[in-house]
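Numbering (this note's numbering), first residue to last: 1 to 261.
Encoded as structure tokens, the structure appears first; notes follow it.
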């Protein structure tokens, strides 16, 4: 049995892959540690990525190098955050198998292989399927066609990314990037959540917001969308982005209250 009081730490997780959002974070936070600084130095080669010091630049090199060459070639065009995150995931999976990409969360092992991809839903989605094909074409160009998996395997990776990624925010809760957190992906959604998450740089921490007594962290819920949205808007957002209809207690209570009113 796992017990938590409000404010207790449930999980602290670092990302499997992450990127600064070109629209919101570029030039404002370090591409490696996500620290905000007014004196960030651009990558000497591509001038797109920015770092707070030489150590961060060196630490980021292995993941940045493939995109760096591409950025230099196509500058001033910069691919969107989806393409950048997908590229980093595919690049990392050249060396690691999905089942070996894992994180222990309070006694529960979570692997990248276990993540939902909703690939069938994406194949029938008139918006997301073209997005995948366009993103995949760019990934193949950046990494080289010989270095990427098959189209179907690519769709599986893409699906796991878009379903499980987190929007990384700064201390002012402004979005600055996106990341895939294997451990944190174990938590399902509720509009009446048991826990909330915040970011410290790229580290994601989840803390209890109420007293909890559960057998597994899989019984703890976080909220994927803005709780202040109207019920209809929450349901639409969850269906559009995650392909499920929320039937949580909070939504059911709102339904009852709506009928009374």
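Ideal placement from N, C-alpha and C gives every residue a C-beta, glycine not left out.
Bear in mind the structure is a predicted one, so any value in this text is a computation, not a measurement.
Residue interval of the beta strand (DSSP E) (run including residue i)
| i | result |
| --- | --- |
| residue 175 | 175 to 180 |
| residue 18 | 17 to 20 |
Endpoints, alpha helix (DSSP H) assigned at residue i
| i | result |
| --- | --- |
| residue 131 | 128 to 143 |
| residue 167 | Per DSSP, residue 167 belongs to no alpha helix (DSSP H); it is in the beta strand (DSSP E), 165 to 169. |
| residue 240 | 231 to 242 |
| residue 120 | 119 to 123 |
Helix, strand or coil at residue i according to DSSP, with G and I counted as helix
| i | result |
| --- | --- |
| residue 3 | strand |
| residue 259 | In this prediction, residue 259 has a pLDDT of 43, which is less than 50 and means its spatial position is unreliable; what the coordinates show is noted afterwards. If DSSP states are grouped into helix, strand and coil, residue 259 belongs with the helices. |
| residue 221 | strand |
| residue 26 | coil |
| residue 148 | coil |
| residue 213 | strand |
| residue 254 | Caution applies to residue 254, whose pLDDT of 48 falls short of 50 and renders its modelled position unreliable; the value that the coordinates give is listed next. Helix. |
| residue 153 | helix |
| residue 247 | coil |
| residue 32 | coil |
Beta-bridge partners of residue i, as assigned by DSSP
| i | result |
| --- | --- |
| residue 9 | 207 |
Best match in the options for proximity to residue i [C-alpha to C-alpha]
| i | options | result |
| --- | --- | --- |
| residue 167 | 191, 203 and 157 | 203 |
| residue 3 | 153, 129, 211 and 92 | 211 |
| residue 78 | 135, 35, 53 and 128 | 135 |
| residue 181 | 24, 5, 13 and 1 | 13 |
| residue 160 | 132, 172 and 9 | 132 |
| residue 47 | 35, 72 and 114 | 72 |
| residue 67 | 234, 56 and 89 | 89 |
| residue 108 | 246, 220 and 244 | 220 |
| residue 35 | 21, 42 and 52 | 52 |
| residue 238 | 196, 190 and 213 | 190 |
| residue 28 | 194, 177, 209 and 248 | 177 |
| residue 119 | 252, 59 and 243 | 243 |
- [ ] Return the chain-ordered ranges of every alpha helix (DSSP H) run that is complete within the region 35 to 115 and spans a minimum of 4 residues.
- [x] The region 35 to 115 contains these whole alpha helix (DSSP H) runs: 54 to 74 and 81 to 93.
Open item on the list: At 3 residues or longer, what runs of the beta strand (DSSP E) sit wholly inside the region 176 to 211?
Closed with: Segments of the beta strand (DSSP E) lying fully in the region 176 to 211: 195 to 200 and 203 to 208.
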